[in-house]
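If you read the sequences in order, they're chains A and B.
One rule links them: number in my numbering = place in the first sequence (from 1) + 6.
One rule links them: number in my numbering = place in the second sequence (from 1) + 1152.
The C-beta atom is built at its ideal place from N, Cα and C for all residues, glycine as well.
Computed from a prediction, not measured in an experiment: that's the story for all the values here.
Written below as structure tokens is the structure these notes are about.
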Amino acid sequence: MSTEEREKQNSSERQTRRAVSDRRVEGVTQPIAPAVEAARQVELTINGQAVEAWEGMTLLQAAQSVGISIPTLCHHKELSTYGACRLCSVEVIRGRRSRIVASCIYPVEDGIEVLTESEKVAKHRKIILELIQARWPWVDKELLEKYGAQPGRFEEKTDFCILCGLCVRYCTEVKKANCLGFVGRGAERQIVIYPERAIEMCPTCEGGNMGCRSVCPTGTMPNEFAHTGPRFGKKLPLAYPVKSYSEDNVREVLHTVGDWRMPWVRSQTMPGK
Amino acid sequence: MEQQDLSKVDEIIDKYESNSESLIQILLDVQNEYRWLSRPILSQVCERLDIPMTHAYHIATFYKHFSLLPQGRHPISVCLGTACHVRGATRLLDRVVQAIGIEPGQTTPDEKFTLNTVNCLGCCALGPALVVDGEYRSNLNAKELADIVASAD
């Protein structure tokens, strides 16, 4: 086969694949294209339904492409995948083995069987919701009821931030501002503000409406920057003390900017995009 | 705080060809040189590697080996493992605390000593044991401790 012929065949193959992919995503708002041009096609079943996907896609994308919804929290289509909240856990069965994986980071594989609402999955989600609830008591009621999550199983520590990392990823990836970051590990992990960066970048971010607020599912961010009521108690610490201005000083600068409304993150709207 | 000489930081980063993927290795070498990671040091590392400060702090606070607080020139680790404990590790710790005047986790103001407790040094037969400057010592009495304090620079 000559190079030309091969190229011709390749391009026609690509076109067919696009056509398949277009058909698949019909009626889905989020267009899902193969991650890599001419990626290999894989076939799997999700909830008994045969699904075609491209290598490199995640289980979550594959499920969404056929209209199966999986609850997510720390996932955002505009940000890097993170896999922190585990709310999108699904059961993956291969042969006789079954395991629970986070669908937002698990790549599709040939021949696997995925269950998004099995008993095992429901049990996991219930615990995950209860854990989140122990930090932030205003979790979506519908979700709590659906999985039968009850408050009180885990010790309550309402420090509001559930460490989903949406604000950090937004600030780093979309804004490239690097005002926020994680420090510590395990139970000591927290989000801190980098004062010099925040003073410089935050007042102009999204016209003073700082994007990190609108991706925060819990309202920890707005509390930090503008006090909005007794519901928000926690203050984010600074990464380190700064001589030239005090912690209150930084807060005051950030306090003066913008009004805050609290959208639930699953609306998946991304400011500045 | 006096201005730190950051030339060693540059040297270390040059050795790794300013490769930001070697961040952990660079931080390890820098900490070996300066004993701890001060903010000017981290700023310098970030600037040279062209990475945000958030990233360096993320790494430096994640690994327990890295210290963001000044460390003494002579680290002392007192073992509080089971074997040492039954052989009187708490009394040994009290003696050390008295000899150098700081609590575990602290560093003397002159940055001479840093005192830490550990859960086992792996030399239970020596218990109650401690390590000072990498040297394992067994059941030190008050006089031996005083000698250590006096001979340290």
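Residue range E1287 to S1290 is occupied by the beta strand (DSSP E) that includes B:Y1288. Interface criterion not met: the Cβ of B:R1289 is under 8 Å from no Cβ in chain A. Identification of chain A residues near B:Y1209 by a Cβ-Cβ cut-off of 7 Å yields G187, V189 and A245, ordered along the chain. The alpha-carbon separation between B:I1165 and B:Y1215 amounts to approximately 20 Å. As for any beta strand (DSSP E) of minimum length 3 sitting wholly inside the region 93 to 117 of chain A, the runs are 95 to 100 and 103 to 108, ordered along the chain.
When Cβ-Cβ separations below 8 Å define contact, B:F1218 makes no contact with chain A. Not flagged as an interface residue toward chain A: B:P1192, since no C-beta distance is shorter than 8 Å. Residues of chain B with a Cβ closer than 9 Å to the Cβ of A:T178 are, in chain order, P1204, T1206 and H1207. Between A:A140 and A:E161 a beta carbon distance of about 6 Å is seen, short of the 8 Å cut, so the two are scored as contacting. In this chain, the alpha helix (DSSP H) harbouring B:I1164 covers S1159 to K1167. With a threshold of 16 other beta carbon atoms within 10 Å, B:L1221 falls short and is exposed. The criterion of a C-beta distance shorter than 8 Å is not satisfied by B:L1282 and B:I1211. Counting along the chain, B:I1252 sits inside the alpha helix (DSSP H) bounded by residues A1241 to I1252. The way I'd put it, the region 55 to 74 of chain A doesn't touch the region 126 to 143 of chain A; fewer than three beta-carbon pairs between them come closer than 8 Å. Sequence-distant partners of B:I1176 (beyond 5 residues in either direction) whose C-beta falls short of 8 Å from its own C-beta, in its chain, are I1211 and Y1215.
With at least 16 other beta carbons inside 10 angstroms of its own, B:G1279 counts as buried. Of the candidates B:A1235, B:E1163, B:S1219 and B:Y1209, B:S1219 places its Cα closest to the Cα of B:W1188.
Apart from the 5 residues on each side of it in sequence, A:A245 sits with its Cβ closer than 6 Å to the Cβ of V198 and Y200 in its chain, given in chain order.
Shown here for B:V1161: same chain residues with a beta carbon closer than 7 Å to its own, the five before and five after excluded, namely V1182, I1193, Q1196 and V1197 in chain order. DSSP places A:C177 within a helical segment (H, G or I) once states are collapsed to three. Boundaries of the beta strand (DSSP E) harbouring A:A56: Q55 to W60, taken from the DSSP string. Counted as a single uninterrupted DSSP element, the beta strand (DSSP E) harbouring A:G187 occupies residues L186 to V189. Between the alpha carbons of A:S104 and A:P223 lies a distance of about 31 Å. Listed by position along chain B, the residues whose Cβ is nearer than 9 Å to that of A:N53 form an empty set, because the closest Cβ is around 38 Å away. For B:E1255, the closest alpha carbon among the candidates B:T1206, B:L1267 and B:R1247 is that of B:L1267. Among the CB atoms of chain A, none fall inside 8 Å of the CB of B:T1234. For the region 192 to 207 of chain A, the beta-carbon criterion of a distance under 9 Å to any beta-carbon of chain B is satisfied by E194, R195, V198, Y200, E202 and R203.
Put simply, the CB of B:F1265 is far from chain A, with every gap to its CB atoms at 8 Å or more. The C-beta of B:T1213 comes closer than 8 Å to at least one C-beta of chain A. A Cβ-Cβ contact shorter than 8 Å links B:T1269 with B:L1232.
When rounded, the separation of the alpha-carbon atoms in A:N53 and A:R102 is 16 Å. Note on geometry: alpha-carbon atoms of B:H1237 and B:K1264 lie some 26 Å from one another. In the assembly as shown, A:R131 is a buried residue. Its beta-carbon has 16 or more other beta-carbons within 10 Å. Only buried fits B:R1247, as 16 or more other CB atoms lie within 10 angstroms of its CB.
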